[in-house]
Structure formats: structure tokens, C-alpha cells
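What follows is one structure encoded as C-alpha cells, with my remarks underneath.
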Amino acid sequence: MELAQRILKGDRRAVARLISMAENFDPQAQDAMRLLHPHSGRAHIVGVTGPPGAGKSTLIDRLAKSYRLLNKKVGIIAVDPSSPFTGGAILGDRIRMSDLNTDSGVFIRSMGTRGHLGGLSRAVCDAMLILDAFGMDIIIIETVGAGQSEVEIASLAHTTILVEMPGLGDDIQTIKAGIMEIGDIFVVNKADRQGVERTEMELKAMLDLDSEEKAWTPPIMRTIANSGEGITALRDAIDAHRAHLVACGDWNLVNHDRIRAGFMALLRNRLTAFITENPGNKPIFDAMTARIVRREIDPYTAADELMAKLTSIKH
Amino acid sequence: MSERKIRVLIAKPGLDGHDRGAKIVARALRDAGMEVIYTGLHQTPEQIVETAIQEDVDFIGLSCLSGAHMTLFPRVMGLLRENGVEDIIVTGGGIIPEEDIPKLREAGISAIFGPGTPLEDIIEYHRKAK
Ligand SMILES: Nc1nc2c(ncn2[C@@H]2O[C@H](COP(=O)(O)OP(=O)(O)OP(=O)(O)O)[C@@H](O)[C@H]2O)c(=O)[nH]1
Ligand SMILES: [Mg+2]
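In C-alpha cells, the structure reads:
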């Protein structure tokens with residue numbers, strides 16, 4: 002049977018295989034993705050990001066269990082950094098999600114960032130679509146909140162949760178500019194530890210800096226992920242955010258932005274490959290690179306010339 | 027643009043509480059450019075097989091120090107077969123007496139890496155077998 006049909010019939014191995022193919026940029030994934038696309042678009046996509054060790058995986062484990070009590074199916078995509086030198090990775094988020102392994106209403110997939118520009122968003126996008134078509138009601142994406150790629154992943158979610166923990170030092174150093182803006186819900190996890198109020202206040206102060214009135218005020222919530230405290234309230238906040246998006250019409254807007262971000266990631270990959278790998282264009286690209294190396298031309302002029310050449314060629 | 031990455035699940039079935047060896051192997055495979063899914067201690071064979079399926083791994087490395095390998099390893103193999111999984115290569119490590127090896131091989135474990143096995147050999151095995 003065709004991979005897409007198997008997925009629609011509930012075959013977990015087919016789901017896993019297609020995610021790998023998408024991750025590996027296997028061109029054969031395209032047919033299945035095309036067939037699955039009309040079956041997607043129902044899932045609520047939730048991004049969870051925050052500094053290393055904040056308790057993201059533990060929190061997701063609890064959240065998933067909480068959604069399971071409501072009989073909702075949960076997909077989880079857990080992203081961990083790959084080594085930029087070897088491309089290898091240890092993907093360890095499942096350690097905190099052991100009991101979810103054998104629940105047939107849950108599908109967990111670990112991913113390495115693999116270091117390709119924009120490639121991660123594309124792979125995550127594809128995995129989301131596959132899990133969505135597979136019938137998952139909620140899809141949770143875990144990323145370490147450290148840089149651009151995380152912000153990019155957050156743009157793929159309907160609801161983004163930023164997880165913090167009571168600081169060791171004085172400031173919330175881990176929350177960087179650009180990361181605060183993407184949070185729809187803020188969580189201070191490890192609320193059993195000292196300094197919760199302080200972290201909450203710092204978060205609140207940073208949020209207040211954003212003076213612009215918004216229809217949705219991001220709540221700041223306390224959780225103790227490993228005991229489950231605050232999880233039901235967090236689940237309610239996630240559902241409230243979804244209800245808010247739907248009620249004010251932003252659900253469609255967010256969907257548009259999400260789909261645009263995913264489409265752009267795909268195009269970026271395609272365009273780069275078209276210029277640097279396509280047999281017709283590669284020689285032009287390589288020759289241009291060589292000219293830059295010889296200092297015969299500067300990269301800006303080279304880019305202009307290359308674009309002019311490529312757009313005038315008939316393929 | 028297409029590139030395959032070798033994915034390995036390192037799993038510890040059973041009740042023993044030591045995962046030093048498993049972690050050393052996990053790191054070595056990562057440093058060799060592979061993606062290693064590490065699931066921690068006390069995994070049941072059911073959990074291991076379900077994880078392997080969801081993660082679409084090429085290899086499962088089972089590590090067992092408790093002496094229960096003769097029941098746990100074949101149980102993993104049995105569950106893989108029940109789920110129709112035939113393309114995952116399963117290896118074993120930990121403290122496994124010489125005389126058990128033929129039986130484990132018969133059960134479908136492709137290779138056994140005893141405590142003294144050089145990490146290079148383990149890496150090479152994973153590179154060659156795929
Ligand atoms: N005291 C306390 N510990 C917690 C809490 N939540 C998680 N932990 C512990 O914090 C450690 C890290 O938890 P993880 O869930 O792995 O954190 P993470 O953010 O997913 O970590 P990375 O994926 O490595 O970035 C584990 O030892 C958890 O048991 C909490 O609310 N209170
Ligand atoms: Mg984690």
C-alpha cells in the first residue's frame with residue numbers, strides 16, 4: 002500500500018518512515034506529502050521553548066497526559082541540537098516521556114537540528130503535517146530557546162509557550178530580545194524552587210515594556226512539572242489561547258503566517274538547490290564563486306549578475 | 027540535497043541502575059555523526075520497540091547489566107517480529123557471558139559488544155551494517 006494511505010489508516014511505522022524521508026530531503030516524500038495535505042489543518046500546534054534544563058520535556062510529558070484524559074491525541078516533536086562539527090546528536094527528551102511510549106494516542110519523534118539553514122523548519126513543518134493528517138489533535142514542538150532557528154520554529158506554532166525557571170543569577174539572561182515577543186503563554190517551571198516571585202516579576206516587567214495594548218495578554222503561570230502542579234491550569238490556558246484566536250478571527254491569520262513561513266522555508270531550500278545544485282546552474286554558480294575568490298568581482302555584484310543570468314535563462 | 031543519517035536507539039531494558047556504559051557508547055556514536063536516541067533506564071521491551079518504531083531507527087543497542095538479557099533481549103526481538111519490523115538491526119552490550127552469545131545470536135541479536143570492545147569497533151559496525 003502507498004505510504005500516505007497507510008498513514009491515513011493509522012500505520013505508525015508509515016508515519017515514522019515518512020518523517021525520516023522528509024528529514025532526509027528524500028524527493029520520494031513529495032508524493033505522500035501531496036496526498037496527505039488535504040487531510041491536514043485540524044491540529045492545534047503548540048510550541049514549547051526555553052533554556053536548557055528548564056523542564057520543557059517533563060512539562061510536555063505532563064501536558065500530553067492531561068490531554069489524553071480528555072481523549073485528545075497528542076503528537077510530540079522534540080528537537081535537540083546537532084553537533085555543528087560531526088552532525089551527530091544525542092536526542093534525550095524521551096527520557097522524560099517514558100510512560101507515553103506505549104500509549105497509542107501519542108506519537109513522539111525526536112529530531113536533530115542537523116545544522117542546515119532553514120532545513121530544520123522544513124523538516125518540522127513536514128513532520129507537523131504528517132502528524133496532523135495522522136489525526137493528532139494537539140502537536141507539541143519542543144525546542145531549546147537559544148537562537149534564530151527556535152524563533153523560526155515558534156513561527157510555525159499557533160500557540161507558543163516560553164518556559165523559564167527560577168534563576169540562579171539575578172537576571173533572566175536566557176530570555177533574549179526577539180524571544181519575548183513570540184510568547185503567548187509564559188511558564189515559570191520549578192516553582193518548588195526559590196526565587197519564583199522574582200522570576201515572575203522580571204517576566205512581568207519585560208512584558209510591560211511592550212506598552213502596546215494587545216487583545217491577548219500573555220499569562221504568566223507557575224508549574225512544578227515533575228509533580229504535575231499547575232498542569233491543568235496550563236492546559237486550560239493553551240485551550241483559552243486557541244479559543245481566543247478562533248473568536249477574534251486570528252486563527253486564520255496565524256494559520257496564514259504559519260503556512261507562509263513553512264512555504265518560505267521550502268522555497269528557500271528549493272531556490273538554493275536550484276542555484277547551487279541544478280546541473281544547468283551549478284557551473285554558473287561555481288564559476289562566479291571562483292571569480293569572487295580571485296577577487297575579480299565582489300559578492301554583491303556577483304549576486305546581481307547571477308540573478309540576472311538565472312532569470313534570463315529558459316529552462 | 028538528500029542525505030541519510032544513521033539513527034540508533036540506545037536502550038536499557040530491565041532493572042539495573044547503571045547506564046555509564048550505555049552513555050559512553052551513545053556519545054561515541056554521536057561523535058561519529060550519528061543521531062542517538064537515548065531513553066534512560068528501566069525501559070520495558072514494549073517501550074523499547076514502540077520507541078524504535080516511532081523514531082524509525084536503523085539500530086537498537088540494548089544494554090543490560092542485570093543478568094536478565096536472556097529473557098529481555100529475545101523479548102525485544104519477538105515484539106519487533108510481532109510488529110512486522112524486520113529492518114532494524116539489534117545489538118547487545120553489557121555483561122553477557124560467553125556461553126549466552128550463540129543463543130542470543132540465534133534469537134536474532136546481530137552483534138554482542140562485551141565490556142572490553144573498543145568504541146571504534148562499535149562505530150565501524152554501525153557504519154558498515156547500513
Ligand atoms: N525541582 C524541579 N525539577 C524539575 C521540575 N521540572 C523538571 N525538573 C527536573 O529538571 C531536569 C530537566 O528537566 P527536562 O524536562 O529534561 O528539561 P528540558 O528543558 O526538557 O531540558 P533540555 O531538553 O535538555 O533543554 C530533570 O531532572 C527534571 O526532573 C520542577 O518543576 N521542579
Ligand atoms: Mg528536553
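Residue numbers (the numbering used here), protein chains in the order written: chain V, 2 to 316; chain L, 27 to 156. Yeah, the Cβ is synthetic: ideal placement off N, Cα and C, and Gly gets one too. Here the structure is a predicted model, which means the values were calculated and not measured.
Beta-carbon proximity of residue i to residue j, cut-off 9 Å
i: L:L35; j: L:G87; result: yes
i: V:L235; j: V:I186; result: yes
i: L:G134; j: L:L98; result: no
i: V:A226; j: V:T59; result: yes
i: L:A58; j: L:R131; result: no
i: V:H45; j: V:I139; result: yes
i: V:K310; j: V:I285; result: yes
i: V:L204; j: V:E153; result: no
i: V:D12; j: V:R69; result: no
i: V:A79; j: V:E143; result: yes
i: L:K31; j: V:E213; result: no
i: V:G184; j: V:R63; result: no
i: L:L106; j: L:V75; result: yes
i: L:I138; j: L:I122; result: yes
i: V:R97; j: V:G263; result: no
i: V:V145; j: V:P85; result: no
i: L:M96; j: L:K129; result: yes
Assigned secondary structure, residue i (DSSP; H/G/I helix, E/B strand, else coil)
i: V:T224; result: coil
i: L:A48; result: helix
i: L:V111; result: coil
i: V:G113; result: strand
i: L:G119; result: strand
i: V:T144; result: strand
i: V:S313; result: helix
i: L:M27; result: Because L:M27 carries a pLDDT of 42, less than 50, the predicted location of this residue cannot be relied on, and no value is offered for it.
i: L:C90; result: strand
i: L:T70; result: coil
i: L:I36; result: strand
i: V:V16; result: helix
i: V:V49; result: strand
i: V:D299; result: coil
i: V:G76; result: strand
i: V:E213; result: coil
i: V:F86; result: coil
i: L:T65; result: coil
i: L:V83; result: coil
i: V:A138; result: The sequence as given places Asp at residue 138 of chain V; Ala does not occur at that position. Here V:D138 sits in coil by DSSP.
Nearest-angstrom Cβ-Cβ length linking residue i and residue j, presumed shorter than 8 Å
i: V:V47; j: V:T233; result: 15 Å between Cβ atoms; not a contact.
i: V:A128; j: V:I20; result: 5 Å
i: V:L210; j: V:P219; result: At roughly 13 Å, the Cβ-Cβ gap does not stay under 8 Å, so V:L210 and V:P219 are not in contact.
i: V:G93; j: L:Y64; result: 5 Å
i: V:A33; j: V:L9; result: With 8 Å as the limit, V:A33 and V:L9 do not qualify as a contact, their Cβ atoms being about 10 Å apart.
i: L:L91; j: L:G66; result: Contact doesn't hold; Cβ gap of about 15 Å is too wide.
i: V:L157; j: V:V197; result: Between V:V197 and V:L157 the Cβ distance is about 30 Å, and since that is not below 8 Å, they are no contact.
i: V:R95; j: L:T77; result: 6 Å
i: V:D100; j: V:S41; result: That pair is no contact at about 28 Å.
i: L:K38; j: L:A52; result: That belief does not hold up - the Cβ atoms of L:K38 and L:A52 are roughly 11 Å apart, past 8 Å.
i: L:S89; j: L:V116; result: 12 Å between Cβ atoms; not a contact.
i: V:I141; j: V:A65; result: 7 Å
Distance between residue j and residue i (C-alpha atoms, nearest Å)
i: V:M112; j: V:H38; result: 22 Å
i: V:V107; j: L:E108; result: 20 Å
i: V:N190; j: L:G118; result: 38 Å
i: V:A192; j: V:K73; result: 27 Å
i: L:T143; j: V:R110; result: 30 Å
i: V:I61; j: V:L307; result: 47 Å
i: V:M166; j: V:N102; result: 27 Å
i: L:I148; j: V:T224; result: 42 Å
i: V:I77; j: V:R295; result: 49 Å
i: V:M137; j: V:G231; result: 24 Å
i: L:M27; j: V:R115; result: The predicted position of L:M27 is uncertain, since its pLDDT is 42 and thus under 50; a value taken from the coordinates is nonetheless stated next. Each residue's alpha carbon lies about 13 Å from the other.
i: V:D195; j: V:I162; result: Looking at the sequence shown, residue 195 of chain V is not Asp but Gln. So the two alpha carbons sit approximately 22 Å from each other.
i: V:W252; j: V:W217; result: 13 Å
i: L:V62; j: L:I79; result: 14 Å
i: L:F85; j: V:V164; result: 33 Å
i: L:E150; j: V:A303; result: 44 Å
i: V:M222; j: V:G168; result: 16 Å
i: L:E72; j: V:I91; result: 22 Å
i: V:P28; j: V:R35; result: 12 Å
i: L:A155; j: V:P300; result: 44 Å
i: V:R271; j: L:G93; result: 52 Å
i: V:M289; j: V:S67; result: 56 Å
i: L:R33; j: V:E182; result: 35 Å
i: V:R14; j: V:A274; result: 30 Å
i: L:L145; j: V:F26; result: 30 Å
*Give every residue whose Cβ lies closer than 6 Å to any heavy atom of ligand 2, listed in chain order.*
Environment of ligand 2, chain-ordered: V:K57, V:S58, V:D94 and V:E143, taking every residue with Cβ within less than 6 Å of a heavy atom.
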